[in-house]
Each structure stands twice: as structure tokens, then as C-alpha cells.
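Per this note's numbering, residue 86 is the first one in the sequence shown, and the count goes up by one each step.
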Amino acid sequence: MNILDAETKVADLVTHRPSLSRLMDRLGIDYCCHGRRSLSAACADKALDVKAVLEQIAQSLEDPAEKTLQDLNLTQLVEHIVSLHHDYLRECLPLLSRQVERVAAVHGSSHPELIEVRRIFHAFSSEMLEHMAKEEQILFPAICRLERDGHTQVPLQRIIGVMETEHGQSGDALAQLRELTRGYAPPEGACTTYRSMLSGLAELEEDTHLHVHAENHILFPRALQLAT
Ligand SMILES: [Fe+2]
Ligand SMILES: [Fe+2]
């Protein structure tokens with residue numbers, strides 16, 4: 086991208102250079118639900134030196150250009166989101182759910198925060214499954230039809246507004262899980278299942294950030310633009 090300064094939107098950085106998502110996650114900068122903020126505002130929020138962050142970003146931008154989701158049309162983008170992120174969630178949530186249950190049952194008395202982890206995880210999981218069903222049954226077919234036929238009867242703006250609100254709620258749940266688990270760090274003496282649960286939750290967070298970013302900042306704005 087041509088313009089890189091402290092006023093660049095965080096989401097735009099990741100849209101143009103997807104691998105920057107890892108740096109953002111490492112720095113604790115939310116590029117999906119709060120990605121429409123400038124880099125300077127995001128850094129101020131996390132007490133980070135914006136100049137040092139800009140230098141790290143500039144270094145990454147020296148690497149060869151990457152393929153981005155902007156190269157896909159809307160139907161391909163929908164297929165990408167479903168096959169990469171929705172299928173991943175349908176596979177990982179039941180496995181992770183069993184681990185969260187087991188770890189809370191075994192270690193909940195010595196680590197009471199695990200009871201809260203279990204409550205938040207289960208709410209996240211059932212809300213996300215319902216959310217994906219709405220996208221796959223109503224919103225995504227409407228977007229594909231809009232691209233194919235040039236029109237749709239579905240009120241895109243209203244449904245996208247609801248989806249973005251739900252993304253915000255799932256982002257809040259993940260932030261709470263990160264805080265409760267101290268950044269998914271295993272406590273001393275944690276058993277294999279406990280460690281595996283924490284790395285599974287960390288992976289869930291990373292994937293959900295990319296998933297929400299692809300919808301909030303690439304798919305939805307392009308669909309709305311096409312609809313007007
Ligand atoms: Fe989705
Ligand atoms: Fe979504």
C-alpha cells in the first residue's frame with residue numbers, strides 16, 4: 086500500500102497485508118471489531134509506541150506482495166469464508182467444548198476462573214453457530230444473488246448491521262477469555278488437556294479475528310457498495 090502513517094486504519098493494514106494480522110494479535114491490537122480506528126488510536130489504547138509499531142509494519146511491507154482477499158469476487162469470498170472459517174468452527178467447537186468441560190471439572194476448584202471460562206466459551210460457541218447459520222442461510226445467498234443477478238429482496242443493510250453487532254459480542258467474549266487465561270498462558274503444572282485447551286482457545290481467537298475482519302471490512306462493505 087502507498088500510504089502508511091499513524092492515521093492509517095488498522096483494518097486497512099491487514100486487508101492489504103494479511104500477514105500483519107499476526108503482528109496485530111501479538112501486540113494485542115484489535116483489527117477486526119475495532120479495526121476502523123487509526124493505528125495511533127489503537128496504539129494509544131494499548132500504551133504502545135506508535136513509531137516503533139510503524140517501523141515493524143514497514144519492515145513487513147518490504148516482503149514480497151501477498152495475495153489478498155480483495156482479489157476474489159464476492160461469491161468466491163463467501164466460499165472462502167465458509168470453507169476456511171465456518172468449517173473450522175464447526176470442527177473445532179465440539180472438540181474444544183469437551184476440553185473446556187473436562188478442564189473446568191478437574192481444575193475448577195484450584196483455578197476458579199475456569200468456571201467463568203466455561204460459561205463464556207459455551208455462550209460464544211452457541212451464539213457463533215447460530216450466527217453462521219444466519220449468514221449461510223440468508224445473508225450469503227443474498228450477496229451471491231446480488232452479484233449474479235444485480236438485485237436481492239433481502240434487506241442487506243439491516244442484516245449486516247445485526248451481524249456486525251454479533252461480531253462485536255463475539256470479540257468481547259474472546260477478549261474476556263484472553264484476560265481470564267492471562268493470554269492463554271498455562272499455569273505451572275498444567276496437565277496436557279489444560280494446555281491443549283489453552284492452545285485451542287488461542288487458535289480460536291486468531292481464526293475468529295481473521296474471519297470477522299474478512300466479513301466486516303471486505304465482504305460487507307463491498308456487498309453494500311454493490312447494492313447501492
Ligand atoms: Fe462468518
Ligand atoms: Fe459473521
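C-beta: ideal position from N, C-alpha, C; glycine also. Source: prediction; values computed, not measured.
- Judged by DSSP secondary structure, Ile-244 falls within the alpha helix (DSSP H) whose first and last residues are 241-265.
- Note on geometry: alpha-carbon atoms of Val-247 and Leu-289 lie some 22 Å from one another.
- Proximity to Glu-251 across Ala-270, Cys-229, Ala-227 and Ser-210 peaks at Ser-210, based on C-alpha coordinates.
- Between the stretch 210-221 and the stretch 175-189, the count of Cβ pairs shorter than 8 Å is three or higher; the stretches touch.
- Boundaries of the alpha helix (DSSP H) harbouring Leu-174: 172-192, taken from the DSSP string.
- The same chain holds no residue with a CB closer than 8 Å to that of Glu-147 once the five nearest residues on each side in sequence are set aside.
- Residue environment: Ile-303 is assigned as buried (16 or more neighbouring CB atoms within 10 Å of its CB, all protein chains considered).
- Counting only beta-carbon distances shorter than 6 Å to the non-hydrogen atoms of ligand 2, the qualifying residues in chain order are His-216, Glu-220, Met-248, His-252 and Glu-300.
- A Cβ-Cβ separation of about 7 Å places Leu-262 in contact with Phe-206 under the 8 Å criterion.
- Ligand 1 never approaches Ile-228 closely enough for any of its heavy atoms to be under 7 Å from the residue's Cβ.
- Ranked by Cα distance from Ser-125, the options Tyr-116, His-294, Pro-103 and Val-135 are led by Val-135.
- With a threshold of 7 Å, the Cβ atom of Ile-166 counts as near ligand 1, since some heavy atom of the ligand is closer than that.
- In the DSSP assignment, Cys-128 falls within the unbroken alpha helix (DSSP H) covering 124-130.
- Contact between Leu-181 and Met-282 holds: CB atoms are separated by about 7 Å, below the 8 Å threshold.
- About 3 Å separates the Cβ atoms of Gly-120 and Ala-96, confirming a contact at the 8 Å cut-off.
- Beta bridge pairing from DSSP links Lys-219 with no other residue.
- Taking 8 Å as the cut-off, the Cβ atoms of Leu-154 and Leu-162 count as close.
- Lys-152 sits in coil when the DSSP states are folded into three classes, being neither helix nor strand.
- The nearest non-hydrogen atom of ligand 1 is 7 Å or more from the C-beta of His-294.
- Here the alpha carbon of Cys-276 sits roughly 47 Å from the alpha carbon of Leu-241.
- Short of 8 Å from the beta carbon of Leu-309, and not among the five residues preceding or following it, lie these beta carbons of its own chain, in chain order: Leu-241, Gln-242 and Ile-245.
- Of the candidates Gly-113, Ser-145 and Ile-142, the residue whose Cα lies closest to the Cα of Lys-131 is Gly-113.
- Of the other Cβ atoms in all chains shown, fewer than 16 fall within 10 Å of the Cβ of Asp-257; this residue is therefore exposed.
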